[in-house]
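Working notes, structure below.
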Amino acid sequence: MCGIVGYTGTQDAAPILLDGLKKLEYRGYDSAGIAVMDHNIISVNKVKGRIVSLSEKTSDGASVPGTTGIGHTRWATHGAPTEENAHPHLSNDGRFAIVHNGIIENYMALREELLGDGYVFQSETDTEVIVHLLEMYYRGNVRDALIRTANRLQGSYALGVICSEEPGSIYAVREKSPLILGLGIDENFFASDVTALVNHTRNVIYLEDGEFAELTCDAIRVFDVTGREIIKTPSRILWDVQAAEKGGYEHFMLKEIMEQPAAVKATIAPRIREGEVVFDELKDGPAVISGVRKIIITACGSAYYAGCAGKYALEKLTRIPVEVVLASELRYSDPLIDKDTLVIVISQSGETADTIAAMRECSERGARTLAVVNVVGSTVANIADYTVYTWAGPEIAVATTKGYTTQVTVLYMLSVYFGRALGLIGEDQEKEMTDTLQQLPRLIQQSIDLNPAIPSLAKKYHDSKALFFIGRNTDYAVALEGALKMKEISYLHAEAYAAGELKHGTIALIEEHQPVIALCCNPSIMEKTLSNIVEVKSRGAEVLALTFRNNQKILSVADDLLFIPDVESLFSAVTEIVPLQLLAYHVAKENGCDIDKPKNLAKSVTVE
Ligand code: M6R
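In my numbering, the protein residues as written are 983 to 1590.
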């Protein structure tokens, strides 16, 4: 997800663009750029890295004259985070500069066609086809060229465009990626979200899909795909302080879903050095695992499901049996725990009453406790023998999202760390695994970007009587969390079943049009899940499958699809859960639920 911003007015554009990009930086920050137009000359400045580098490069914008411009802050999807791949992109004739947020799905075919026509590409991005199409279709009218270009594009895009033939104009186009116009006095703006506008104006126009806008310093005109003008009514931003903290998102939950790449990165980055997992905070170092004959993971709710997902990696890489036990059950179960048991306690808040009680019970029986916790200084963090923080940052929405993904991430890292300590993983293998772990933030971002269809899928499924989630192995673990997300915020009846268990009872519930969300992200058991999909389909189920983009077998049987990027299945839970979080969010939104504060729930359950 990227951030785009545009300005036309009487002030210097560059400082305003840079300020807007800073507000949008949470959307992506691997590279950034601005294009500013001074009379008929477009000058482009780009950097790899943060907006602060772009500010330095342009002396806070002072070195770039001009009162019209566009800017972009990027989180790479197509092409590495390099200066070449950073936006804005220029047409070969230098006439057009564009910024883009979204994914052009048919860019490969378009690129081939444009290369055949002699256009020269400077980047590996999907975006660059757009600027060459604009050049190709331009016959003296930017609006017509934009419409013809948009007609060729498949996918999602919020576009910002400037053309050297029209100094003083900026153009914006929206299709499945957010874009908001800001109305000022002698100046107008566009941006990916209102946080970038609110310092300048509170009067905004929300562009709809398929709408184009032409902005000059004294007018905004919106038109449709046929070129017909549309009269839009401006809205006024009335923000309370709490809303401002949402960073422009309608809900904390959505903000926190979108923060997951950054949260997982913050959790991983300090703990991988030169191909090795390091936990400086474990005072006994790798000796934590020595002599351990059993690992128990205990937690509540989503933290318990994080344990279910992490168990597979832990067992595979340490060959130590792992039991995942609900804290509320463990505390009264007279558990078989002794000094050779390592108890991993997972909690976002660190204040969950059942979790604390289970932890104390285990300590009394002689086990060592290792806490995976988010809130610094919380009870769980304080009473554990060892504490590993998930660096998710504050999580406000009751439904946890980045809390869960960072917990699973820590379990992945502990698995590798312990496996190496036990001599079960060699140096090369550890290097390979840490490389994969370091890719996770980018892959999570792709899980967001690959699924622009989720809001329309939510419209289809939001009034279902029940939703069933099925999967095997790690997919089953993720299905449990996916179903919980759906239940707690949308109030729909949602249940997760191990796919292989269907014919032992659950399949009796399948009838005509029953939605079944099938997770098929584990190649080693894909065929098995496929058979389960066929079984429910032949009983009338409507199947929404979550799988890899190129998984032809699943694509051909499912009714609807959610995608994850290609990823090693041992570590895939953190990418798989993201589309399910977004689905739950949009279903809840369709149902008019109070998403951040679902009924009957509280963020931190401090009573038994
Ligand atoms: O703060 P904790 O991680 O200990 O909380 C545990 C559960 O209460 C929590 O995960 C709960 O299930 C969430 N509302 C789920 O979204």
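For every residue, glycine included, the Cβ atom is placed at its ideal position computed from N, Cα and C.
With 16 other Cβ atoms within 10 Å as the buried cut-off, status of residue i
| i | result |
| --- | --- |
| THR1337 | buried |
| GLY991 | buried |
| ALA1269 | exposed |
| VAL1102 | exposed |
| TYR1120 | buried |
| VAL1223 | Here the model assigns VAL1223 a pLDDT of 38, short of 50, so the residue's position is not dependable, and the following value carries that caveat. When all chains shown are included, VAL1223 counts as exposed. |
| GLU1343 | buried |
| LYS1447 | exposed |
| HIS1475 | exposed |
| SER1013 | buried |
| ASP1457 | buried |
| HIS1069 | buried |
| PRO1303 | exposed |
| THR1215 | exposed |
| ASP1322 | exposed |
| GLN1534 | exposed |
| GLN1104 | exposed |
| ASN1455 | buried |
| ALA1584 | exposed |
| HIS1486 | exposed |
| GLY1076 | exposed |
| VAL1358 | exposed |
| PRO1160 | buried |
| ALA1226 | With a pLDDT of 46 at ALA1226, under the threshold of 50, the modelled position of this residue cannot be trusted; read the value that follows with caution. Label assigned to ALA1226: exposed. |
| ASP1175 | buried |
| ARG1255 | exposed |
| ASN1504 | buried |
| LYS1004 | buried |
| ASN1514 | buried |
According to DSSP, residues forming a beta bridge with residue i
| i | result |
| --- | --- |
| TYR1188 | ILE1162 |
| LEU1449 | ALA1476 |
| PHE1530 | ILE1546 |
| TYR989 | GLY1051 and PHE1171 |
| ARG1203 | GLU1196 |
| PRO1434 | DSSP, once it has assigned bridges, lists no residue as partnering PRO1434. |
| GLU1258 | ARG1255 |
| LYS1028 | GLY1015 |
| CYS1145 | PHE1078 |
| THR1249 | THR1249 is not bridged to any residue. |
| ARG1156 | ALA1140 and GLU1193 |
| THR1280 | VAL1307 and VAL1327 |
| GLY1084 | TYR1139 |
| THR1369 | ALA1353 |
| ARG1056 | SER1013 |
| ILE1219 | According to DSSP, ILE1219 bridges with nothing at all. |
| PRO1497 | GLU1524 |
| ASP1316 | Looking at the DSSP assignment, ASP1316 forms no beta bridge with any residue, so it has no partner. |
| HIS1071 | ILE1080 |
| ASP1020 | ILE1023 |
For residue j and residue i, believed in contact at Cβ under 8 Å, the rounded distance
| i | j | result |
| --- | --- | --- |
| ASP1108 | HIS1060 | 4 Å |
| VAL987 | ALA1295 | No, VAL987 and ALA1295 are not in contact; Cβ-Cβ is about 40 Å, not under 8 Å. |
| GLU1297 | THR1418 | GLU1297 to THR1418, Cβ: 18 Å. No contact. |
| LEU1422 | VAL1246 | 5 Å |
| GLY1453 | THR1529 | The pair is not a contact, with the Cβ atoms about 11 Å apart (cut-off 8 Å). |
| LEU1501 | LEU1526 | No, LEU1501 and LEU1526 are not in contact; Cβ-Cβ is about 10 Å, not under 8 Å. |
| PHE1172 | GLY1209 | With a Cβ gap of about 19 Å, PHE1172 and GLY1209 do not count as contacting. |
| GLU1509 | PRO1580 | Not confirmed; about 38 Å, so no contact. |
| HIS1054 | GLY1002 | With 8 Å as the limit, HIS1054 and GLY1002 do not qualify as a contact, their Cβ atoms being about 10 Å apart. |
| LEU1352 | ALA1366 | 6 Å |
Is there contact here, the stretch 1156-1164 with the stretch 1092-1099, by at least three beta-carbon pairs under 8 Å? no
Meets three-Cβ-pair contact criterion under 8 Å: the stretch 1407-1416 and the stretch 1492-1501: No, they do not touch.
Does the stretch 1312-1320 come close enough to the stretch 1283-1301 that 3 or more CB-CB pairs lie under 8 Å? no
Answer yes if the stretch 992-1004 comes into contact with the stretch 1019-1039, meaning at least three C-beta pairs across the two stretches below 8 Å, and no otherwise. Using a C-beta cut-off of 8 Å, the stretch 1019-1039 makes contact with the stretch 992-1004, since at least three inter-stretch Cβ pairs fall below that distance.
So, do the stretch 1130-1149 and the stretch 1081-1088 have three or more beta carbon pairs nearer to each other than 8 Å? yes
The stretch 1261-1278 touching the stretch 1443-1455, judged by at least three CB pairs closer than 8 Å: no
Counting pairs of Cβ atoms below 8 Å between the stretch 1422-1431 and the stretch 1473-1487, do you hit three or more? no
Check whether the stretch 1394-1403 touches the stretch 1375-1385, counting contact only when three or more Cβ pairs, one atom from each stretch, lie closer than 8 Å. Fewer than three beta-carbon pairs drawn from the stretch 1394-1403 and the stretch 1375-1385 are found closer than 8 Å, and the two stretches are therefore not classed as touching.
Using 8 Å as the cut-off, can you tell me whether the stretch 1382-1389 makes contact with the stretch 1251-1261, which would need three or more C-beta pairs spanning the two stretches below that distance? Contact between the stretch 1382-1389 and the stretch 1251-1261 is absent, because fewer than three Cβ pairs lie under 8 Å.
Tell me, please, whether the stretch 1147-1158 touches the stretch 1197-1208 by the rule of three or more beta-carbon pairs shorter than 8 Å. yes
The stretch 1461-1470 in contact with the stretch 1557-1576 per 3-pair CB rule at 8 Å: yes
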